[in-house]
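So for the sequence shown, this note's numbering puts the first residue at 126; every next one is plus one.
From the three backbone atoms N, C-alpha and C, an ideal C-beta is built for every residue, glycine too.
Read through the structure below, which is laid out as structure tokens, and then see the notes.
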Amino acid sequence: MTIYPAIDLIDKQAVRLYKGQKEQKKIYGDPIDIAKAYARHFDHLHIIDLDGAFSGETKNLETVREIVEQTGLKIQYGGGLRTIESIRKAYLAGITHVIISTKAFDTEFVRALTQEFDSVTVSLDSRQGKVSVAGWLEESGLTLEETFEGLKNNFSRFIFTDIEKDGTNGGISDFQQFWKGKEVIYAGGVFSLEDIRQADKMGFSGVVIGRALLEGTLTCEQLKGVL
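This is the structure we're talking about:
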């Protein structure tokens with residue numbers, strides 16, 4: 126079980142949204158300082174460029190580059206990565222795993238992507254059982270399982286996010302594993318050690334923890350036994 130502390134970025138600040146809603150934003154401060162604190166306890170970091178997710182174009186890559194240079198953390202990064210060139214730039218900035226979402230549904234883009242890169246992660250973000258795209262603003266009409274089935278031949282690494290739980294500290298959703306043979310990380314509502322144990326039992330390889338770590342509901346010291 127790998128722990129991925131989460132930092133979401135808007136205007137170069139670390140923030141959390143409640144259920145993905147821009148109007149319900151809470152600011153936590155300098156993301157570089159937060160990342161440095163996490164680096165004392167963890168090897169991985171999950172960063173989403175929310176400006177990029179909503180606009181379709183990366184906006185905070187220089188901040189992420191600085192985090193890589195100052196912490197050495199293995200970073201999975203997404204938000205607005207919708208061109209091959211933007212993905213190249215992300216890898217050149219030192220990102221370990223680029224995350225795509227909306228463009229995973231573009232057949233021609235995926236063909237070009239998989240010819241050049243082999244460490245891309247797909248984020249499947251669901252609201253009320255249906256996968257959402259375009260910064261969670263549009264619904265695809267497909268279930269999580271249907272979407273996964275359509276993408277599993279091209280990708281081996283996924284993140285499942287429950288939008289209704291994201292930023293809520295509301296506990297994790299229940300899943301019956303349908304992703305055997307793939308690396309799948311859970312995100313959305315993780316706020317207790319029991320949530321992490323439950324995610325492990327369901328077959329997830331890791332969990333993303335945002336608000337619970339930022340606000341101290343879970344501490345780095347508590348998570349040492351999980352790592």
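Straight-line Cα distance separating residue j from residue i
{"i": "Ala-337", "j": "Leu-238", "result": "34 angstroms"}
{"i": "Glu-270", "j": "Phe-303", "result": "7 angstroms"}
{"i": "Thr-227", "j": "Ile-209", "result": "13 angstroms"}
{"i": "Val-258", "j": "Ser-248", "result": "9 angstroms"}
{"i": "Tyr-311", "j": "Leu-134", "result": "20 angstroms"}
{"i": "Gly-154", "j": "Thr-188", "result": "13 angstroms"}
{"i": "Leu-267", "j": "Lys-255", "result": "5 angstroms"}
{"i": "Met-126", "j": "Gly-181", "result": "31 angstroms"}
Where the beta strand (DSSP E) through residue i begins and ends
{"i": "Phe-285", "result": "282-287"}
{"i": "Ser-244", "result": "Here Ser-244 belongs to no beta strand (DSSP E), and DSSP marks it neither H nor E."}
{"i": "Glu-148", "result": "146-154"}
{"i": "Arg-165", "result": "First-last for Arg-165: undefined, no H or E at that position."}
{"i": "Leu-142", "result": "138-143"}
{"i": "Gln-201", "result": "199-203"}
Option in the options with minimal Cα separation from residue i
{"i": "Lys-161", "options": "Ile-200, Arg-141 and Lys-147", "result": "Ile-200"}
{"i": "Lys-277", "options": "Leu-267, Gln-253, Glu-319 and Glu-308", "result": "Glu-308"}
{"i": "Asp-231", "options": "Thr-272, Asn-185, Leu-198 and Ala-215", "result": "Thr-272"}
{"i": "Glu-194", "options": "Leu-217, Asp-136, Ile-173 and Ser-317", "result": "Leu-217"}
{"i": "Thr-293", "options": "Pro-130, Glu-233, Gly-331 and Tyr-143", "result": "Tyr-143"}
Host alpha helix (DSSP H) of residue i (start-end)
{"i": "Leu-269", "result": "269-276"}
{"i": "Tyr-215", "result": "Note that residue 215 is Ala in the sequence shown here, rather than Tyr. From DSSP, the alpha helix (DSSP H) with Ala-215 extends over 209-217."}
Distance between beta carbons of residue j and residue i, contact taken as under 8 angstroms
{"i": "Gly-341", "j": "Gly-314", "result": "Between Gly-314 and Gly-341 the Cβ distance is about 16 angstroms, and since that is not below 8 angstroms, they are no contact."}
{"i": "Ile-288", "j": "Arg-252", "result": "4 angstroms"}
{"i": "Asp-176", "j": "Asp-136", "result": "7 angstroms"}
Minimum Cβ-Cβ distance from residue i to chain C less than 8 angstroms
{"i": "Phe-303", "result": "Judged by its chain identifiers, the structure shown contains no chain C, having just a single protein chain."}
Starting from the N-terminal side, write out each stretch of the beta strand (DSSP E) that is 3 residues or longer and does not extend beyond the region 298-339.
308-312 and 331-334
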